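Worksheet for the structure shown next.
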Amino acid sequence: MATYTFRCPTCQCFDVVQPMSDVRPQHPCPECGQEARRVYQAPHLSTTPTSLRRAADTAAASAETPTVVRSIPGGAGAPRRPRWSPVTGGSAVNASRRARGPHQQLPRL
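In our numbering, each residue's number is its place in the sequence shown (first place is 1) plus 2.
This is the structure we're talking about:
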């Protein structure tokens, strides 16, 4: 929905919010009912934030000339530790020592 400004010859300016497909060069004034003419003005454009513009420029530049990585970048941390589980805790458990659950066991081959 877009906002359009109209100026009535006897009253004042007023705004109308309507779809772009329904806009007409004239609109009836809400106060007196006379036909008001549309006021043409510059569109309300907002500026792009610097960080977003910089990211878009970097993405466009890498599309034409991608950087080639020959090794793992420095600063990589230590390998991840195993995830914690409510059954096994922080470490893995041997399958033969694992508690039996409500599910059926798989057949041995």
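Glycine is no exception: its CB is placed at the ideal position from the N, C-alpha and C atoms. Keep in mind that this is a model prediction, so the values were computed, not measured.
Please name the residue, chosen from the options, that lies closest to residue i on a Cα-to-Cα basis.
| i | options | result |
| --- | --- | --- |
| Tyr6 | Gln14, Val18, Cys13 | Val18 |
| Gln43 | Phe8, Thr60, Arg83 | Phe8 |
Would you say residue i and residue j are within 7 angstroms of each other, going by their C-beta atoms?
| i | j | result |
| --- | --- | --- |
| Cys31 | Cys10 | yes |
| Met22 | Ala4 | yes |
| Thr50 | Cys34 | no |
From the DSSP output, read off the bridge partner residues of residue i.
| i | result |
| --- | --- |
| Thr7 | Asp17, Val41 |
Pick out the complete beta strand (DSSP E) segments inside the region 31-76, 3 residues or longer, and give them in chain order.
DSSP runs (the beta strand (DSSP E)) wholly in the region 31-76: 37-41.
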